[in-house]
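The block underneath contains the structure these notes are about, expressed in C-alpha coordinates.
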Amino acid sequence: MTAAANPLVVGRVNMSTPLAGTFLLEDCESIASGIRNGNWVEGGMGAFAAVADGMAAVVDPLGSAIGAGVGWLLEHMEPLKGWFNDLTGDAGEVMGFAGTWANIAASMQAASDELTRILGDLDSQRGLMIDTYRRFQGECAAHAAAAGRLSSAIGTGMQIASTIVQAVHDITRDALSQLIGTAISAVATAALTLGFGTPWAVSQVATRAASLASKVGKFITKLVNAIKKLMPLLDDAAKLFRSLQGALDKALSGAADAVRSLGRTADDVPAGLPHPSPAVRPPHAPALPHDEAVQNLVDLNRYHDPGMPPRYGDDVDSVFTFFDTDIKDLYANGLAPTLGRDGNPVFVMPRDDANLISSIEDAAVATGGAPRVMAAWRNGEDVFGIEIPVDGLNLRVPTAADAGGYEHFLEGGYTALNQDGLFTVNRIRELVVDGGSPVPRGTVLFQLLPDGSRIPIGMF
139 MTAAANPLVV
149 GRVNMSTPLA
159 GTFLLEDCES
169 IASGIRNGNW
179 VEGGMGAFAA
189 VADGMAAVVD
199 PLGSAIGAGV
209 GWLLEHMEPL
219 KGWFNDLTGD
229 AGEVMGFAGT
239 WANIAASMQA
249 ASDELTRILG
259 DLDSQRGLMI
269 DTYRRFQGEC
279 AAHAAAAGRL
289 SSAIGTGMQI
299 ASTIVQAVHD
309 ITRDALSQLI
319 GTAISAVATA
329 ALTLGFGTPW
339 AVSQVATRAA
349 SLASKVGKFI
359 TKLVNAIKKL
369 MPLLDDAAKL
379 FRSLQGALDK
389 ALSGAADAVR
399 SLGRTADDVP
409 AGLPHPSPAV
419 RPPHAPALPH
429 DEAVQNLVDL
439 NRYHDPGMPP
449 RYGDDVDSVF
459 TFFDTDIKDL
469 YANGLAPTLG
479 RDGNPVFVMP
489 RDDANLISSI
499 EDAAVATGGA
509 PRVMAAWRNG
519 EDVFGIEIPV
529 DGLNLRVPTA
539 ADAGGYEHFL
549 EGGYTALNQD
559 GLFTVNRIRE
569 LVVDGGSPVP
579 RGTVLFQLLP
589 DGSRIPIGMF
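Quick note on numbering: the sequence shown equals residues 139 to 598 in the numbering used here.
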(Lines of atoms letter the chains of each structure in order from A and count residues from 1; the text may use other names and numbers.)
(Lines give C-alpha, C1' and ligand atoms only; values in the text may rest on other atoms or scores of the structure.)
Protein backbone atom coordinates (compact mmCIF):
# COMPACT_ATOMS: atom_id res chain seq x y z
CA MET A 1 0.00 0.00 0.00
CA THR A 2 1.45 3.38 -0.96
CA ALA A 3 1.39 6.66 0.95
CA ALA A 4 -0.88 8.11 -1.74
CA ALA A 5 -3.41 5.32 -1.21
CA ASN A 6 -3.47 5.58 2.56
CA PRO A 7 -3.64 9.05 4.15
CA LEU A 8 -2.24 7.65 7.39
CA VAL A 9 1.06 6.64 5.76
CA VAL A 10 3.75 9.30 5.89
CA GLY A 11 6.16 9.38 2.95
CA ARG A 12 9.90 9.89 3.11
CA VAL A 13 10.92 12.92 5.17
CA ASN A 14 14.11 14.76 4.22
CA MET A 15 16.18 14.86 7.41
CA SER A 16 19.11 16.63 5.77
CA THR A 17 19.97 20.15 6.91
CA PRO A 18 21.48 23.13 5.06
CA LEU A 19 24.86 22.59 6.74
CA ALA A 20 25.13 18.89 6.00
CA GLY A 21 27.85 17.96 3.52
CA THR A 22 29.46 21.41 3.42
CA PHE A 23 32.78 20.16 4.86
CA LEU A 24 32.98 23.35 6.90
CA LEU A 25 33.84 21.44 10.07
CA GLU A 26 36.63 19.52 8.38
CA ASP A 27 38.03 22.65 6.74
CA CYS A 28 37.92 24.56 10.04
CA GLU A 29 40.00 21.89 11.76
CA SER A 30 42.48 21.63 8.88
CA ILE A 31 43.09 25.38 8.59
CA ALA A 32 43.18 25.87 12.36
CA SER A 33 45.79 23.13 12.70
CA GLY A 34 47.88 24.67 9.92
CA ILE A 35 47.92 28.05 11.66
CA ARG A 36 48.37 26.77 15.19
CA ASN A 37 51.30 24.39 14.60
CA GLY A 38 53.58 27.22 13.49
CA ASN A 39 55.12 25.25 10.62
CA TRP A 40 54.93 28.45 8.57
CA VAL A 41 57.81 29.84 10.70
CA GLU A 42 61.09 28.90 9.00
CA GLY A 43 63.49 27.36 11.50
CA GLY A 44 60.95 27.59 14.32
CA MET A 45 60.64 30.18 17.08
CA GLY A 46 63.86 29.01 18.75
CA ALA A 47 65.98 30.63 16.04
CA PHE A 48 64.56 34.07 16.78
CA ALA A 49 64.96 33.65 20.52
CA ALA A 50 68.58 32.52 20.13
CA VAL A 51 69.63 35.47 18.00
CA ALA A 52 67.85 37.91 20.29
CA ASP A 53 69.78 36.57 23.28
CA GLY A 54 73.11 36.63 21.42
CA MET A 55 72.89 40.19 20.15
CA ALA A 56 73.88 41.73 23.48
CA ALA A 57 77.40 40.25 23.43
CA VAL A 58 79.77 42.99 22.20
CA VAL A 59 83.51 43.44 22.43
CA ASP A 60 83.73 47.23 22.56
CA PRO A 61 82.74 48.44 26.08
CA LEU A 62 82.49 52.11 25.07
CA GLY A 63 80.52 51.28 21.95
CA SER A 64 78.26 49.06 24.01
CA ALA A 65 77.51 51.85 26.46
CA ILE A 66 76.79 54.34 23.70
CA GLY A 67 74.69 51.76 21.86
CA ALA A 68 72.56 51.22 24.96
CA GLY A 69 71.72 54.90 25.01
CA VAL A 70 70.85 54.92 21.32
CA GLY A 71 68.68 51.83 21.77
CA TRP A 72 66.77 53.52 24.56
CA LEU A 73 66.09 56.53 22.34
CA LEU A 74 64.83 54.31 19.52
CA GLU A 75 62.55 52.46 21.90
CA HIS A 76 61.03 55.36 23.84
CA MET A 77 61.44 58.72 22.12
CA GLU A 78 59.05 60.01 19.47
CA PRO A 79 59.22 60.42 16.54
CA LEU A 80 62.13 57.95 16.54
CA LYS A 81 59.92 55.25 18.09
CA GLY A 82 57.19 55.67 15.48
CA TRP A 83 59.66 55.73 12.61
CA PHE A 84 61.32 52.58 13.88
CA ASN A 85 57.97 50.77 14.31
CA ASP A 86 57.08 51.71 10.74
CA LEU A 87 60.35 50.16 9.65
CA THR A 88 60.24 46.93 11.65
CA GLY A 89 56.54 46.51 12.49
CA ASP A 90 54.52 47.19 15.65
CA ALA A 91 54.37 43.98 17.68
CA GLY A 92 51.92 45.55 20.15
CA GLU A 93 49.34 46.19 17.42
CA VAL A 94 49.67 42.62 16.16
CA MET A 95 49.23 41.35 19.73
CA GLY A 96 46.07 43.46 19.95
CA PHE A 97 44.72 41.63 16.90
CA ALA A 98 45.56 38.36 18.63
CA GLY A 99 43.59 39.42 21.70
CA THR A 100 40.60 40.39 19.56
CA TRP A 101 40.52 36.96 17.92
CA ALA A 102 40.85 35.32 21.32
CA ASN A 103 37.74 37.24 22.46
CA ILE A 104 35.87 36.16 19.32
CA ALA A 105 36.85 32.56 19.98
CA ALA A 106 35.57 32.75 23.55
CA SER A 107 32.29 34.29 22.38
CA MET A 108 31.72 31.64 19.69
CA GLN A 109 32.45 28.82 22.12
CA ALA A 110 30.07 30.36 24.67
CA ALA A 111 27.33 30.55 22.01
CA SER A 112 27.93 26.90 21.11
CA ASP A 113 27.80 25.84 24.77
CA GLU A 114 24.58 27.77 25.37
CA LEU A 115 22.89 26.32 22.28
CA THR A 116 23.93 22.83 23.33
CA ARG A 117 22.51 23.47 26.80
CA ILE A 118 19.20 24.66 25.35
CA LEU A 119 19.00 21.61 23.10
CA GLY A 120 19.34 19.49 26.21
CA ASP A 121 15.94 20.82 27.32
CA LEU A 122 14.40 19.09 24.28
CA ASP A 123 15.65 15.61 25.15
CA SER A 124 12.21 14.49 26.21
CA GLN A 125 10.51 15.85 23.08
CA ARG A 126 9.73 13.56 20.15
CA GLY A 127 8.49 14.07 16.60
CA LEU A 128 9.82 14.71 13.10
CA MET A 129 9.87 18.49 13.51
CA ILE A 130 11.67 18.28 16.84
CA ASP A 131 14.18 15.78 15.47
CA THR A 132 14.95 17.97 12.45
CA TYR A 133 15.21 21.07 14.62
CA ARG A 134 17.51 19.26 17.06
CA ARG A 135 19.70 18.04 14.19
CA PHE A 136 19.94 21.48 12.56
CA GLN A 137 20.65 23.35 15.79
CA GLY A 138 23.12 20.66 16.83
CA GLU A 139 25.04 21.28 13.62
CA CYS A 140 24.85 25.03 14.26
CA ALA A 141 26.38 24.45 17.70
CA ALA A 142 29.13 22.27 16.19
CA HIS A 143 29.91 24.87 13.54
CA ALA A 144 29.94 27.67 16.10
CA ALA A 145 32.43 25.66 18.18
CA ALA A 146 34.55 24.99 15.08
CA ALA A 147 34.47 28.70 14.21
CA GLY A 148 35.61 29.39 17.77
CA ARG A 149 38.54 26.99 17.40
CA LEU A 150 39.45 28.60 14.08
CA SER A 151 39.29 32.04 15.69
CA SER A 152 41.48 30.79 18.52
CA ALA A 153 43.98 29.44 15.98
CA ILE A 154 44.05 32.79 14.20
CA GLY A 155 44.72 34.44 17.56
CA THR A 156 47.56 31.97 18.18
CA GLY A 157 48.98 32.73 14.74
CA MET A 158 48.83 36.43 15.51
CA GLN A 159 50.62 35.83 18.82
CA ILE A 160 53.38 33.93 17.01
CA ALA A 161 53.61 36.67 14.40
CA SER A 162 53.73 39.30 17.15
CA THR A 163 56.59 37.45 18.87
CA ILE A 164 58.51 37.25 15.59
CA VAL A 165 57.92 40.92 14.85
CA GLN A 166 59.09 41.84 18.36
CA ALA A 167 62.20 39.67 18.00
CA VAL A 168 63.14 41.22 14.67
CA HIS A 169 62.32 44.65 16.07
CA ASP A 170 64.71 44.05 18.97
CA ILE A 171 67.37 42.52 16.68
CA THR A 172 67.24 45.47 14.35
CA ARG A 173 67.21 48.00 17.21
CA ASP A 174 70.19 46.38 18.94
CA ALA A 175 72.12 46.03 15.68
CA LEU A 176 71.53 49.63 14.70
CA SER A 177 72.34 50.99 18.16
CA GLN A 178 75.49 48.85 18.41
CA LEU A 179 76.61 50.00 14.99
CA ILE A 180 76.09 53.62 15.98
CA GLY A 181 77.91 52.98 19.27
CA THR A 182 80.83 51.33 17.48
CA ALA A 183 81.07 54.22 15.03
CA ILE A 184 81.11 56.82 17.78
CA SER A 185 83.63 54.81 19.78
CA ALA A 186 85.87 54.47 16.71
CA VAL A 187 85.70 58.18 16.00
CA ALA A 188 86.65 58.91 19.60
CA THR A 189 89.58 56.50 19.37
CA ALA A 190 90.81 58.15 16.16
CA ALA A 191 90.60 61.58 17.77
CA LEU A 192 92.54 60.49 20.87
CA THR A 193 95.33 59.02 18.70
CA LEU A 194 95.55 62.24 16.66
CA GLY A 195 94.38 60.44 13.55
CA PHE A 196 96.78 57.55 13.70
CA GLY A 197 93.95 55.21 14.72
CA THR A 198 91.67 56.23 11.85
CA PRO A 199 92.42 53.21 9.61
CA TRP A 200 91.76 50.90 12.54
CA ALA A 201 88.55 52.74 13.39
CA VAL A 202 87.26 52.48 9.83
CA SER A 203 88.09 48.80 9.74
CA GLN A 204 86.36 48.26 13.09
CA VAL A 205 83.16 49.94 11.92
CA ALA A 206 83.17 48.14 8.57
CA THR A 207 83.70 44.76 10.19
CA ARG A 208 80.93 45.39 12.74
CA ALA A 209 78.53 46.61 10.05
CA ALA A 210 79.14 43.56 7.87
CA SER A 211 78.70 41.18 10.78
CA LEU A 212 75.49 42.78 12.01
CA ALA A 213 74.03 43.15 8.52
CA SER A 214 74.57 39.44 7.89
CA LYS A 215 72.85 38.42 11.12
CA VAL A 216 69.97 40.87 10.93
CA GLY A 217 69.32 40.38 7.22
CA LYS A 218 68.94 36.63 7.67
CA PHE A 219 66.20 36.99 10.26
CA ILE A 220 64.39 39.77 8.45
CA THR A 221 64.21 37.41 5.48
CA LYS A 222 62.84 34.68 7.75
CA LEU A 223 60.24 37.12 9.09
CA VAL A 224 59.11 38.09 5.60
CA ASN A 225 58.93 34.44 4.53
CA ALA A 226 56.92 33.52 7.64
CA ILE A 227 54.37 36.25 7.04
CA LYS A 228 54.11 35.25 3.36
CA LYS A 229 53.30 31.68 4.45
CA LEU A 230 50.86 32.84 7.12
CA MET A 231 48.82 35.13 4.85
CA PRO A 232 47.38 32.34 2.62
CA LEU A 233 46.28 30.48 5.75
CA LEU A 234 44.53 33.61 7.02
CA ASP A 235 42.93 34.12 3.60
CA ASP A 236 41.64 30.55 3.70
CA ALA A 237 40.24 31.19 7.16
CA ALA A 238 38.48 34.35 5.92
CA LYS A 239 36.96 32.43 2.99
CA LEU A 240 35.79 29.74 5.38
CA PHE A 241 34.10 32.29 7.62
CA ARG A 242 32.31 33.75 4.59
CA SER A 243 31.21 30.26 3.52
CA LEU A 244 29.91 29.54 7.01
CA GLN A 245 28.05 32.86 7.09
CA GLY A 246 26.51 32.15 3.69
CA ALA A 247 25.40 28.66 4.75
CA LEU A 248 23.84 29.95 7.96
CA ASP A 249 22.13 32.90 6.21
CA LYS A 250 20.64 30.54 3.63
CA ALA A 251 19.56 28.10 6.33
CA LEU A 252 17.93 30.78 8.48
CA SER A 253 16.17 32.50 5.56
CA GLY A 254 14.57 29.17 4.59
CA ALA A 255 13.90 27.93 8.11
CA ALA A 256 10.24 28.98 8.20
CA ASP A 257 9.47 27.33 4.87
CA ALA A 258 11.36 24.19 5.89
CA VAL A 259 9.45 23.86 9.15
CA ARG A 260 6.16 24.53 7.41
CA SER A 261 6.93 21.97 4.72
CA LEU A 262 7.89 19.39 7.32
CA GLY A 263 4.70 20.10 9.22
CA ARG A 264 2.64 19.25 6.16
CA THR A 265 4.25 15.81 5.78
CA ALA A 266 4.38 14.88 9.45
CA ASP A 267 1.73 12.94 11.27
CA ASP A 268 0.77 16.00 13.33
CA VAL A 269 -1.09 17.88 10.58
CA PRO A 270 -2.36 21.16 12.11
CA ALA A 271 -5.81 20.80 13.55
CA GLY A 272 -6.32 24.33 14.87
CA LEU A 273 -6.65 27.64 13.08
CA PRO A 274 -3.62 29.01 11.20
CA HIS A 275 -1.55 31.93 12.42
CA PRO A 276 -1.17 34.45 9.59
CA SER A 277 1.16 37.40 9.25
CA PRO A 278 0.10 40.68 10.94
CA ALA A 279 -0.56 42.10 7.46
CA VAL A 280 -3.63 39.84 7.21
CA ARG A 281 -4.80 39.76 10.81
CA PRO A 282 -3.55 42.28 13.39
CA PRO A 283 -1.59 40.50 16.15
CA HIS A 284 -3.75 42.01 18.90
CA ALA A 285 -7.16 41.80 17.20
CA PRO A 286 -9.76 41.06 19.88
CA ALA A 287 -11.72 37.81 19.77
CA LEU A 288 -15.31 38.82 20.51
CA PRO A 289 -18.76 37.24 20.52
CA HIS A 290 -20.71 37.77 17.29
CA ASP A 291 -22.75 40.83 18.31
CA GLU A 292 -19.80 42.52 20.00
CA ALA A 293 -17.58 41.90 16.97
CA VAL A 294 -20.15 43.54 14.71
CA GLN A 295 -20.52 46.47 17.12
CA ASN A 296 -16.75 46.84 17.21
CA LEU A 297 -16.76 47.29 13.41
CA VAL A 298 -19.46 49.92 13.77
CA ASP A 299 -17.55 51.75 16.51
CA LEU A 300 -14.39 51.79 14.38
CA ASN A 301 -16.34 53.05 11.34
CA ARG A 302 -15.34 49.89 9.44
CA TYR A 303 -18.84 48.46 9.09
CA HIS A 304 -20.30 48.22 5.56
CA ASP A 305 -24.00 47.65 5.01
CA PRO A 306 -24.70 44.07 3.85
CA GLY A 307 -26.20 43.79 0.38
CA MET A 308 -25.06 47.27 -0.60
CA PRO A 309 -22.18 48.35 -2.89
CA PRO A 310 -19.07 49.09 -0.80
CA ARG A 311 -18.19 52.72 -0.10
CA TYR A 312 -14.76 52.14 -1.63
CA GLY A 313 -16.12 50.48 -4.78
CA ASP A 314 -14.82 53.16 -7.16
CA ASP A 315 -11.24 52.42 -6.03
CA VAL A 316 -11.39 48.71 -6.87
CA ASP A 317 -9.97 47.69 -10.27
CA SER A 318 -9.96 43.93 -9.82
CA VAL A 319 -10.92 41.30 -7.25
CA PHE A 320 -9.48 37.92 -6.25
CA THR A 321 -10.89 34.58 -5.22
CA PHE A 322 -8.89 31.52 -4.12
CA PHE A 323 -9.52 27.76 -4.41
CA ASP A 324 -7.84 24.35 -4.65
CA THR A 325 -6.62 22.11 -7.48
CA ASP A 326 -10.07 20.75 -8.31
CA ILE A 327 -11.50 24.20 -9.12
CA LYS A 328 -8.29 25.14 -10.92
CA ASP A 329 -8.71 22.16 -13.24
CA LEU A 330 -12.22 23.32 -14.15
CA TYR A 331 -10.90 26.71 -15.24
CA ALA A 332 -7.75 25.34 -16.87
CA ASN A 333 -9.71 22.78 -18.90
CA GLY A 334 -12.34 25.29 -19.98
CA LEU A 335 -15.08 23.49 -18.02
CA ALA A 336 -16.03 26.56 -15.98
CA PRO A 337 -16.96 29.35 -18.41
CA THR A 338 -18.85 31.15 -15.66
CA LEU A 339 -17.96 32.53 -12.26
CA GLY A 340 -19.43 29.94 -9.94
CA ARG A 341 -22.90 28.55 -10.42
CA ASP A 342 -26.07 30.43 -11.15
CA GLY A 343 -27.70 31.52 -7.91
CA ASN A 344 -24.56 30.99 -5.79
CA PRO A 345 -22.57 34.13 -4.96
CA VAL A 346 -18.79 34.12 -5.38
CA PHE A 347 -16.84 35.59 -2.46
CA VAL A 348 -13.96 37.86 -3.53
CA MET A 349 -11.55 40.43 -2.08
CA PRO A 350 -10.07 43.64 -3.57
CA ARG A 351 -6.64 43.42 -5.21
CA ASP A 352 -5.00 45.63 -2.57
CA ASP A 353 -6.13 43.21 0.14
CA ALA A 354 -4.99 40.14 -1.83
CA ASN A 355 -1.54 41.74 -2.05
CA LEU A 356 -1.25 41.43 1.76
CA ILE A 357 -1.14 37.64 1.49
CA SER A 358 2.42 36.35 1.93
CA SER A 359 1.82 32.60 2.30
CA ILE A 360 -0.74 29.85 1.77
CA GLU A 361 -1.39 30.04 5.51
CA ASP A 362 -2.27 33.72 5.05
CA ALA A 363 -4.66 32.80 2.24
CA ALA A 364 -6.48 30.36 4.51
CA VAL A 365 -7.12 33.15 7.00
CA ALA A 366 -7.66 35.95 4.48
CA THR A 367 -10.53 34.02 2.87
CA GLY A 368 -12.19 33.61 6.25
CA GLY A 369 -11.33 29.93 6.40
CA ALA A 370 -12.75 29.11 2.95
CA PRO A 371 -13.13 25.30 3.14
CA ARG A 372 -11.14 24.43 0.00
CA VAL A 373 -8.29 26.81 0.84
CA MET A 374 -8.22 25.73 4.48
CA ALA A 375 -8.08 22.06 3.45
CA ALA A 376 -5.26 22.77 0.98
CA TRP A 377 -3.29 24.49 3.75
CA ARG A 378 -3.83 21.63 6.19
CA ASN A 379 -2.83 18.99 3.65
CA GLY A 380 0.14 20.84 2.16
CA GLU A 381 -1.54 21.10 -1.23
CA ASP A 382 -1.34 23.83 -3.85
CA VAL A 383 -3.63 26.86 -3.82
CA PHE A 384 -4.82 28.67 -6.94
CA GLY A 385 -6.96 31.66 -7.71
CA ILE A 386 -8.22 34.06 -10.34
CA GLU A 387 -7.92 37.82 -10.65
CA ILE A 388 -11.12 39.27 -12.11
CA PRO A 389 -11.54 42.73 -13.67
CA VAL A 390 -14.51 44.47 -12.04
CA ASP A 391 -15.90 46.18 -15.17
CA GLY A 392 -19.50 45.09 -15.50
CA LEU A 393 -19.57 43.21 -12.19
CA ASN A 394 -22.12 43.93 -9.50
CA LEU A 395 -19.91 44.17 -6.40
CA ARG A 396 -21.72 44.21 -3.06
CA VAL A 397 -21.11 43.52 0.61
CA PRO A 398 -22.18 39.94 1.46
CA THR A 399 -25.21 39.16 3.54
CA ALA A 400 -25.95 36.30 5.93
CA ALA A 401 -28.10 34.78 3.18
CA ASP A 402 -25.10 34.82 0.83
CA ALA A 403 -23.04 32.97 3.47
CA GLY A 404 -25.75 30.31 3.92
CA GLY A 405 -25.00 29.76 7.60
CA TYR A 406 -21.20 29.53 7.15
CA GLU A 407 -19.65 29.38 10.63
CA HIS A 408 -16.90 31.96 10.03
CA PHE A 409 -19.11 34.57 8.35
CA LEU A 410 -19.48 37.93 10.09
CA GLU A 411 -21.62 40.62 8.50
CA GLY A 412 -19.98 43.99 8.03
CA GLY A 413 -17.73 43.53 5.01
CA TYR A 414 -14.60 41.86 6.47
CA THR A 415 -13.50 38.24 6.64
CA ALA A 416 -13.17 36.69 10.09
CA LEU A 417 -12.48 33.43 11.88
CA ASN A 418 -14.81 31.96 14.46
CA GLN A 419 -13.33 29.87 17.25
CA ASP A 420 -15.69 28.64 19.92
CA GLY A 421 -18.13 31.48 19.21
CA LEU A 422 -15.51 34.23 19.33
CA PHE A 423 -14.84 36.11 16.08
CA THR A 424 -11.45 37.58 15.17
CA VAL A 425 -11.78 40.08 12.32
CA ASN A 426 -9.16 40.28 9.57
CA ARG A 427 -7.92 43.28 7.64
CA ILE A 428 -9.31 41.70 4.46
CA ARG A 429 -12.40 43.31 2.95
CA GLU A 430 -15.05 40.85 1.76
CA LEU A 431 -17.28 41.22 -1.29
CA VAL A 432 -19.48 39.01 -3.43
CA VAL A 433 -20.39 38.91 -7.11
CA ASP A 434 -23.36 37.11 -8.60
CA GLY A 435 -22.57 33.56 -9.63
CA GLY A 436 -23.31 32.22 -13.08
CA SER A 437 -22.10 35.28 -15.00
CA PRO A 438 -19.54 34.70 -17.78
CA VAL A 439 -15.88 34.88 -16.82
CA PRO A 440 -14.88 38.46 -17.70
CA ARG A 441 -12.37 38.94 -20.46
CA GLY A 442 -8.90 39.55 -18.99
CA THR A 443 -9.41 37.25 -15.99
CA VAL A 444 -6.08 35.64 -14.99
CA LEU A 445 -5.72 32.13 -13.53
CA PHE A 446 -2.68 31.83 -11.22
CA GLN A 447 -0.97 29.60 -8.66
CA LEU A 448 -0.24 31.00 -5.20
CA LEU A 449 3.32 30.13 -4.14
CA PRO A 450 4.37 29.51 -0.51
CA ASP A 451 5.92 33.01 -0.27
CA GLY A 452 2.70 34.69 -1.44
CA SER A 453 3.86 35.41 -5.00
CA ARG A 454 1.62 34.48 -7.90
CA ILE A 455 2.52 32.67 -11.16
CA PRO A 456 0.04 33.23 -14.03
CA ILE A 457 -0.94 29.97 -15.70
CA GLY A 458 -3.77 31.09 -17.95
CA MET A 459 -5.90 34.02 -19.16
CA PHE A 460 -9.49 34.27 -20.35
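For glycine and all other residues, C-beta sits at the position ideal for the given N, C-alpha and C.
- With contacts defined as CB atoms closer than 8 angstroms, His442 and Gly580 fail to qualify as a contacting pair.
- Positions of the alpha helix (DSSP H) runs, each at least 4 residues long and wholly inside the stretch 420-500, are given as 428-437, 463-470 and 489-492 in order along the chain.
- Rounded to the nearest whole angstrom, the C-alpha separation of Asn434 and Val563 is 10 angstroms.
- Secondary structure at Ala285: helix, using DSSP grouped into helix, strand and coil.
- For secondary structure counted as the beta strand (DSSP E) over 3 or more consecutive residues, the stretch 522-595 holds these complete runs in sequence order: 552-557, 560-567, 569-571 and 582-586.
- Setting aside the 5 residues that flank it on each side, Lys466 is surrounded in the same chain by Phe522, each with a C-beta closer than 6 angstroms to its C-beta; the list follows chain order.
- Going by C-alpha positions, His428 is about 21 angstroms away from Met446.
- In the same chain as Gly172, and ignoring 5 residues on each side of it, the C-beta atoms closer than 7 angstroms to its own belong to Leu371, in chain order.
- If you compare the alpha carbons of Asn471, Cys278, Thr505 and Gly478 with that of Gly596, the shortest gap goes to Asn471.
- Fewer than three pairs of CB atoms, one per stretch, sit closer than 8 angstroms, so the stretch 557-571 makes no contact with the stretch 508-519.
- Counting only the Cα atoms, Val484 lies some 8 angstroms from Thr459.
- Cβ-Cβ distances below 8 angstroms link Ile593 to Phe584, Gln585 and Leu587 in the same chain, with the five nearest sequence neighbours on each side left out; the list follows chain order.
- Taking 8 angstroms as the cut-off, the Cβ atoms of Thr463 and Gly574 do not count as close.
- For Ala513, the uninterrupted alpha helix (DSSP H) run begins and ends at Pro509 to Asn517, by DSSP.
- Just measuring C-alpha positions, the residue of Asn482, Ala425, Gly478 and Ile498 sitting nearest Ser415 is Ile498.
- Non-local C-beta neighbours of Arg419 in its own chain, meaning closer than 7 angstroms and more than five positions away in sequence, comprise Val503, Thr562, Asn564 and Arg565, ordered along the chain.
- Straight across, the Cα-Cα distance linking Leu533 with Pro527 is about 11 angstroms.
- Spatial neighbours of Leu494 in its own chain (CB-CB distance under 6 angstroms, excluding positions within 5 residues in sequence) are listed in chain order as Ala417 and Val418.
- For Ile524 and Asp558, the gap between their C-alpha atoms comes out near 32 angstroms.
- Here Val571 is buried. Its C-beta has 16 or more other C-beta atoms within 10 Å.
- Contact annotation: Leu253 and Ile169 have beta-carbon atoms that are not nearer than 8 angstroms.
- With respect to the 8 angstroms criterion, Gly293 and Ala236 are classified as neighbours on the basis of their beta carbons.
- By the C-beta density criterion, Met369 is exposed, having fewer than 16 other C-beta atoms within 10 angstroms.
- Take the alpha-carbon of Pro424 and the one of Asp500: they are about 18 angstroms apart.
- In this structure, Pro578 lies near Leu531, with their beta-carbon atoms less than 8 angstroms apart.
- The beta-carbon separation of Ala554 and Ala431, rounded to 7 angstroms, stays under the 8 angstroms limit for a contact.
- Residue burial annotation: Thr505 is buried, with at least 16 other C-beta atoms found within 10 angstroms of its C-beta.
- Distances from the alpha-carbon of Lys377 to those of Ala285, Gly295, Ser300 and Leu411 put Ala285 closest.
- Excluding the 5 residues flanking it on each side, Ser245 has no same chain C-beta neighbour closer than 6 angstroms.
- Classified as exposed, Glu545 has fewer than 16 neighbouring CB atoms from the shown chains inside 10 Å of its CB.
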